[in-house]
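Residue numbers (my numbering), protein chains in the order written: chain A, 617 to 1107; chain B, 617 to 1107.
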């Protein structure tokens, strides 16, 4: 190899907005994804793994938030093409559905799990690479497909450890909202105004009803004293929209009744309402009652590509926010029907619906609920008292590993024994094995209970521990049995 | 959303050199990786997941093949930095080891699994994104760490389904080779010539011994008649190198004895030989004999960053190549000691050693050995005879899923019943459930055994199948029990 030139040392840092995941962070996520995959599989979904790189052309400009420019992706030029990292798992699915349309089963139910990349300004807790976990049905026009995905989402949340009652899946239909706006005189001809209304609706949860009205009409001063321009609706229009946003009733029947008044004669509204009613009936028939899935007209799901049913899974238990205030945990998954994505490629309309789970949010929720086993057990550490005895130490760990016990020899510089115990501590080792010349001569080993040691260290009166000694000497031949028993005692 | 402008339709294709993985391709890989992770975990290794994107500065120019220019990565500019997709899992580990050196345990044992990207010319079976699966120990100077990784690799291969006898792990030490070359008068002063020798050595397996000598001396004509320039060694030097490459003997003792003659007075050679001997002793003590791990001086492992022990796992069973000729399956994993990678960042030498498993090669090997369950079972399909009964059909699948049976309702256009059965066939469904108005009136369902159906279709004389009817009618209440029994009969 040519000798590298003298250059300044590279900085050992992740690029801005990227991070590393260590130990349990990785295994917890993998375990959660495996549980999700199990439910998806049971529902007949097949895995699909596309690569991280797509042509910019195939990805299109379908970032979920329409405000974001194309620069929202990481892209580079190759020959005359532009390639980019995928920003979600839906755009690659649309490409796959078009590319393999002659060979894939139709409908095509698929799930996908993996990282996606967004070229955005990173912020606290906001990264430029993160996991998504999606399930979609392509080629199923009926809302039975949407209902199925909602039911599956409910089963999934329970499978990963969110108990019933701690979540609710809220279902709406974009066409109902279109109908309501149409009845208020806002049609597709007034695109700009309608978009402004939708953007304001998206903020509904974050402001009071009076502030909401103000935003829809003449504007208001925000907390900093800055004036936020209003959308310019009449008071009447604004109040109607406010009423719509609060039209969720005790039962689906009541909600649907209220909505049917609000949509007036709108065809779009009538079609959306019919779909919503069908979904409610299908879900009720399968036993997914309002304790799990509810009709909620305030669900809008961004401003993107959804064309019919939309849904969102919200966790309803309280957590404490960074300022110590209690708040609902909020949304962990969402999705809906998007009938136009595959059409981009083929010209033919292909109905599709799906859900995306926010993997990191859901993991955070499981953390908040104490559902993740945080006491990962480290390996048994065989310490090194005599470097020349390495083969003997290795034989000990080989014996432990063959018995399915996680174990390792200390492989750092063995000179300072204290460092070996510090290492064992850092690894959260349950047990250390100690054997030097004297032990080898007498064919015994010392076994040190590090969990007990830590407890005794915390507790002043060691008296109560005297029946369970912190360190025992056993014949070498009994090492495995004794360690096994000690591990059992600890758990 | 603003209406998209009329543009030509995008092409639904993966970028050149990228591919999609469907169904069992995904699950087989995940299952294999899970088994590998289990072994790594038992050996005390902790998972680490870094992001796909690194700074070009942190990645450095450490592509395993030194011939490759920096263009071997996918890179793009961001502000004044260059970012790139990782090309392996070792460079990110070196960055992590430097970045977190104050908090990580030392030695740090970590494993990593995930995609890496290479910006190279794609070829048949050669992709620009592929999986790697690595385990490394950082901060352990002793060859006990290298020996441990060889033992772990052996356990791993057996855990994923490569039986003992079908693989061998070959171990060498780069310093021994250096010593041999030094003794022949090739020192570090003659960098260019030494590199040419190493490159030729790498081709040893692909040519005859006479061709090998010719390449090391005056050159030779290749099959196409083109002249390949020789390295310019003397006949004597070339024969000595040829002898070195064939110096593997029956036992490690014999091989080590032969090597000790070849390295003459070289310090580097002596140091390498000592390490090799230590590894052989450690492995023998743990029971890893020559049926699993052998000393083989012909292992060179590319020309990259290795500084001491190098090793390679070779599968020894025969497969048929694309031209129908039998050949050994070949290498599926390799690694070695690289003591300089972390130093790039910190200036301090940090000893490190590790192994990388070629995930796709190993999967291909399991395929070749028939170790992968290719008969993935599709879902039970509940067909739709009457669209208005969708809630009833959904209730049926809900019942099956709750009993942990993979099931789905047909969600395509139900008009053509033949299409539904074709769909079931494509999904490799074991069973179809059929219920129309008549069945609902009588509170029964038809259950069709599709596996049996396919067998009968293949076989002319249906006589022998008469005891096991292809389709049965059962009361609705007995549907679940009957399907469960049918699935048991099929398996």
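C-beta atoms are modelled at their ideal positions from N, C-alpha and C, and glycine is treated no differently.
Tell me whether residue 1064 of chain A is buried or exposed, calling it buried when 16 or more other Cβ atoms sit within 10 Å of its Cβ. By 1-based counting over the first chain, the position of residue 1064 of chain A is 448. Buried: at least 16 other Cβ atoms inside 10 Å.
Residue range of the unbroken alpha helix (DSSP H) whose run includes residue 749 of chain B: Start at 1 with the first residue of the second chain, and residue 749 of chain B comes out as number 133. From DSSP, residue 749 of chain B is part of no alpha helix (DSSP H) but of the beta strand (DSSP E) over 745-754.
Got a sec, what are the start and stop residues for the alpha helix (DSSP H) residue 961 of chain A sits in? As a position in the first chain, residue 961 of chain A is number 345, starting the count at 1. That run of the alpha helix (DSSP H) goes 959-962.
May I ask you to verify whether the segment 1024-1041 of chain A touches the segment 694-707 of chain B, counting CB pairs closer than 8 Å and requiring at least 3? Result no; under three Cβ-Cβ pairs closer than 8 Å.
Step through the CB atoms of chain A and report whether any lies within less than 8 Å of the CB of residue 651 of chain B. Taking the second chain and counting its residues from 1, one reaches residue 651 of chain B at position 35. At a cut-off of 8 Å between beta-carbon atoms, residue 651 of chain B makes no contact with chain A.
Using a 10 Å radius around the Cβ and a threshold of 16 neighbouring Cβ atoms, would you call residue 735 of chain B buried or exposed? Numbered from 1 along the second chain, position 119 holds the residue referred to as residue 735 of chain B. Under the 10 Å beta carbon count, residue 735 of chain B is surrounded by 16 or more other beta carbons and is classified as buried.
Continuous alpha helix (DSSP H) assignments of at least 4 residues falling wholly in the segment 753-789 of chain B: For the segment 753-789 of chain B, whole alpha helix (DSSP H) runs of length 4 or above, ordered along the chain, are 760-776.
Residue 889 of chain B to residue 976 of chain A, Cα distance in whole Å? As a first step, residue 889 of chain B is located in the second chain; it is residue number 273 there, counting from the start. As a first step, residue 976 of chain A is located in the first chain; it is residue number 360 there, counting from the start. When only Cα atoms are considered, residue 889 of chain B and residue 976 of chain A end up about 50 Å apart.
Taking residue 690 of chain B as the query, report the chain A residues whose CB atoms sit under 8 Å from its CB, ordered along the chain. One-based indexing of the second chain puts residue 690 of chain B at position 74. From the beta-carbon of residue 690 of chain B, the residues of chain A found nearer than 8 Å are 669, 692, 699.
Interface residues of chain B around residue 1025 of chain A at Cβ under 8 Å? Reading the first chain from its first residue, position 409 is the one you call residue 1025 of chain A. Chain B residues near residue 1025 of chain A: 760, 764.
Taking DSSP as the reference, what is the three-state secondary structure of residue 724 of chain B? As a position in the second chain, residue 724 of chain B is number 108, starting the count at 1. Note: residue 724 of chain B maps to strand in three-state DSSP.
Note down, one range per segment and in chain order, each beta strand (DSSP E) of at least 3 residues found wholly within the segment 912-969 of chain A. Listed in chain order, they are 925-936, 942-953.
Contact set between residue 897 of chain B and chain A, taken where Cβ atoms lie within less than 8 Å: For the purposes of this step, residue 897 of chain B is taken as residue 281 along the second chain, with counting starting at 1. The answer, in chain order, is 1007.
Interface residues of chain B facing residue 626 of chain A [CB-CB closer than 7 Å]: Counting from one through the first chain, the residue named residue 626 of chain A turns up at place 10. Listed along chain B are 673, 674, 676, 960, 961, each with a C-beta nearer than 7 Å to that of residue 626 of chain A.
Taking the alpha carbon of residue 646 of chain A as the point to measure from, which residue in A:1091, A:978, A:1024, A:1058 has its own alpha carbon closest? Locating residue 646 of chain A in the first chain gives position 30, where the first residue counts as 1. In terms of Cα proximity to residue 646 of chain A, the closest of A:1091, A:978, A:1024, A:1058 is A:978.
Helix, strand or coil: how does DSSP classify residue 652 of chain A here? Sequence index remark: in the first chain, residue 652 of chain A carries index 36 (1-based). DSSP places residue 652 of chain A in helix when its eight states are reduced to three.
Give a yes or no on whether the C-beta atoms belonging to residue 861 of chain A and residue 913 of chain A are separated by under 8 Å. Position 245 of the first chain, counting from 1, holds the residue named residue 861 of chain A. Position 297 of the first chain, counting from 1, holds the residue named residue 913 of chain A. With contacts defined as CB atoms closer than 8 Å, residue 861 of chain A and residue 913 of chain A qualify as a contacting pair.
C-beta neighbour in chain A for residue 634 of chain B, strict 8 Å: By one-based count along the second chain, residue 634 of chain B stands at place 18. It does: the Cβ of residue 634 of chain B has a partner Cβ on chain A nearer than 8 Å.
Please name the residue, chosen from A:753, A:729, A:629, that lies closest to residue 654 of chain A on a Cα-to-Cα basis. Taking the first chain and counting its residues from 1, one reaches residue 654 of chain A at position 38. Among A:753, A:729, A:629, the Cα nearest to that of residue 654 of chain A belongs to A:729.
Residues that residue 1024 of chain B bridges to, as DSSP identifies them: One-based indexing of the second chain puts residue 1024 of chain B at position 408. Beta-bridge pairing links residue 1024 of chain B to B:997.
Less than 8 Å between the beta carbons of residue 669 of chain B and residue 634 of chain A, yes or no? Translated into positions along the second chain, residue 669 of chain B becomes position 53. Translated into positions along the first chain, residue 634 of chain A becomes position 18. Yes.
Does the Cβ of residue 660 of chain A have 16 or more other Cβ atoms within 10 Å, making it buried, or fewer, making it exposed? Translated into positions along the first chain, residue 660 of chain A becomes position 44. Buried, by the Cβ-count rule.
Contact under 8 Å by Cβ, residue 743 of chain A with residue 664 of chain B: Taking the first residue of the first chain as 1, we reach residue 743 of chain A at position 127. Taking the first residue of the second chain as 1, we reach residue 664 of chain B at position 48. No, they are not a contact pair.
Whole-angstrom Cβ separation of residue 932 of chain B and residue 782 of chain B, contact assumed at under 8 Å? Position 316 of the second chain holds residue 932 of chain B. Position 166 of the second chain holds residue 782 of chain B. The beta-carbon separation of residue 932 of chain B and residue 782 of chain B, rounded to 6 Å, stays under the 8 Å limit for a contact.
Nearest chain B C-beta to residue 867 of chain A closer than 8 Å, yes or no? The residue given as residue 867 of chain A occupies position 251 in the first chain. At least 8 Å separates the CB of residue 867 of chain A from every CB of chain B.
Does the beta carbon of residue 1020 of chain A sit closer than 8 Å to a beta carbon anywhere in chain B? Position 404 of the first chain, counted from the start, is the residue given in the question as residue 1020 of chain A. Yes, its Cβ sits closer than 8 Å to a Cβ of chain B.
Run the CB neighbour count on residue 907 of chain A, radius 10 Å, all protein chains shown included, and call it buried at 16 or more, exposed below. Working through the first chain from its first residue, we reach residue 907 of chain A at position 291. In the assembly as shown, residue 907 of chain A is an exposed residue. Its beta-carbon has fewer than 16 other beta-carbons within 10 Å.
Does the contact criterion of 3 or more C-beta pairs under 8 Å hold for the segment 880-896 of chain B versus the segment 848-860 of chain B? With a cut-off of 8 Å, the segment 848-860 of chain B and the segment 880-896 of chain B do not count as touching, because too few Cβ pairs lie within range.
DSSP puts residue 697 of chain A in a beta bridge; with which residues? Within the first chain, residue 697 of chain A is the residue found at index 81, counting from 1. Looking at the DSSP output, residue 697 of chain A bridges to A:694.
Alpha-carbon spacing of residue 952 of chain A relative to residue 930 of chain A, whole angstroms: Position 336 of the first chain holds residue 952 of chain A. Position 314 of the first chain holds residue 930 of chain A. Straight-line Cα distance between these residues: approximately 15 Å.
Cβ neighbour criterion (16 or more within 10 Å) applied to residue 844 of chain A: Here residue 844 of chain A refers to the residue found at position 228 when the first chain is read from its first residue. By the neighbour-count definition (other C-beta atoms within 10 Å, threshold 16), residue 844 of chain A is an exposed residue.
Give the residues of chain A in contact with residue 1042 of chain B, contact being defined as C-beta atoms less than 7 Å apart. Residue numbering aside, residue 1042 of chain B sits at position 426 when the second chain is read from its first letter. Within chain A, the residues near residue 1042 of chain B are 721.
Cβ neighbours of residue 1023 of chain B in the same chain (closer than 6 Å, five flanking residues each side left out): To locate residue 1023 of chain B, count along the second chain from 1; it is residue 407. Within the same chain, residue 1023 of chain B has close Cβ partners 995, 996, 1013, 1016, 1017.
Consider the Cβ of residue 1087 of chain B: report whether some Cβ of chain A lies at a distance smaller than 8 Å. For this step, residue 1087 of chain B is matched to residue 471 along the second chain. Residue 1087 of chain B has a beta carbon lying at 8 Å or more from every beta carbon in chain A.
Residue 1046 of chain B, buried or exposed, once every other Cβ within 10 Å from all chains shown has been counted against 16: On the second chain, position 430 is the one that residue 1046 of chain B refers to. A residue is called buried once 16 or more other Cβ atoms fall within 10 Å of its Cβ, and residue 1046 of chain B is buried on that count.
Which of the three DSSP states is assigned to residue 1087 of chain A in this structure? Reading the first chain from its first residue, position 471 is the one you call residue 1087 of chain A. Of the three classes helix, strand and coil, the one that applies to residue 1087 of chain A here is strand, per DSSP.
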